[in-house]
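Novice: 126 is the number that my numbering gives to position 122 of the sequence shown; each next residue is one higher, with no gaps.
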Amino acid sequence: MFISLEGVDGSGKSTQARLLVEALGEGTVAIREPGGTDAAERIRELLADPGFEIDPFAELLLFSAARADLVSRVIRPALEAGKVVVADRFADSSVAYQGGARGLGTSHVLSLTDTVIDGLWPDQTLLLKVEPEVGLGRAESDDRFEAEGLELQRAVAEAYEEIAIVASDRVVVIDATGSVEEVHERVMEAVNGARK
Ligand code: TMP
5 MFISLEGVDG
15 SGKSTQARLL
25 VEALGEGTVA
35 IREPGGTDAA
45 ERIRELLADP
55 GFEIDPFAEL
65 LLFSAARADL
75 VSRVIRPALE
85 AGKVVVADRF
95 ADSSVAYQGG
105 ARGLGTSHVL
115 SLTDTVIDGL
125 WPDQTLLLKV
135 EPEVGLGRAE
145 SDDRFEAEGL
155 ELQRAVAEAY
165 EEIAIVASDR
175 VVVIDATGSV
185 EEVHERVMEA
195 VNGARK
């Protein structure tokens, strides 16, 4: 089974991904995007640098290159070996950030991303929902996207709303307000529901 967690910056998805991996136990493969392979980690460093300037389509291609490497070398082999894969961000992040917020168009990015991942969409996507203001207030790092402020995060949130409707067969919206434990309970409820 392949599960991804998505949300605006500061939605708490990294904490929730870690708790989910712990709860699912041994044999669960944890990945975070961009990253997870040597090439993808190097691309991550480049993309996170606040001083890095790049054309939006070129930016999408960098995320896509990292993702293609991760899918073919880590995610697909793990799933074929019967493992559960938990991804802290995946393809929907490109649809929301590059397609929505950067203005490349959500349907355009969706179809390109489908090619990049060779149709390997998650079985379940947990969309952690907090107001962008709240997320930005609690975001810990100061990467390029967070540094761009509230307007970008609002556009990202709007794109995620659209994704939740278009891909309602796999996307579950989770209220990410409240304590870490409360949100974890909601996450486990959704995951256990899907595994039945
Ligand atoms: P993080 O929040 O997991 O550290 O992700 C790094 C940043 O990269 C975050 O601000 C979202 C952004 N991002 C994209 O813009 N497109 C993508 O495809 C992915 C995976 C992340």
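Glycine included, every Cβ here is placed at the ideal spot set by N, Cα and C.
Is ASP42 a contact residue of the ligand TMP, with contact defined as CB to any heavy atom under 7 Å?
Specialist: In this structure, ASP42 has its CB at a distance of at least 7 Å from all heavy atoms of the ligand TMP.
Novice: Pick out whichever of ALA159, VAL90, ALA168, GLU162 has its Cα sitting closest to the Cα of GLY29.
Specialist: VAL90
Novice: Apply the 10 Å Cβ neighbour rule to GLU10 and answer buried if 16 or more other Cβ atoms are within range, or exposed otherwise.
Specialist: So GLU10 counts as buried.
Novice: Closer than 7 Å: is that where the CB of ARG93 sits relative to any heavy atom of the ligand TMP?
Specialist: yes
Novice: May I ask you to report which of helix, strand or coil DSSP gives ARG36?
Specialist: strand
Novice: Could you give the distance in angstroms between the alpha-carbon of THR32 and the alpha-carbon of GLY40?
Specialist: 14 Å
Novice: Beta carbon of PRO38: closer than 7 Å to some heavy atom of the ligand TMP?
Specialist: True, at least one ligand heavy atom lies under 7 Å from that Cβ.
Novice: So, for VAL177: in the same chain, excluding its five sequence neighbours on each side, which residues have a beta-carbon less than 6 Å away from its beta-carbon?
Specialist: When the five nearest sequence neighbours on each side are left out, the beta carbons in the same chain lying within less than 6 Å of the beta carbon of VAL177 are those of LEU131, LYS133, ALA168, in order along the chain.
Novice: Taking the Cβ atom as the reference point for each residue, do GLN102 and ASP13 lie within a distance shorter than 8 Å?
Specialist: It is not a contact, given that the beta carbons lie outside the stated cut-off.
Novice: I need the straight-line Cα distance from ALA180 to TRP125, nearest angstrom please.
Specialist: 23 Å
Novice: Rank ASP127, GLY153, SER15 by C-alpha distance to the C-alpha of GLY139 and give the top, closest one.
Specialist: It is SER15 whose Cα lies nearest to the Cα of GLY139.
Novice: For GLU137, count the other beta carbons within 10 Å of its own beta carbon; 16 or more makes it buried, fewer makes it exposed. Which is it?
Specialist: Taking a 10 Å sphere around the C-beta of GLU137, we find fewer than 16 other C-beta atoms and assign the residue as exposed.
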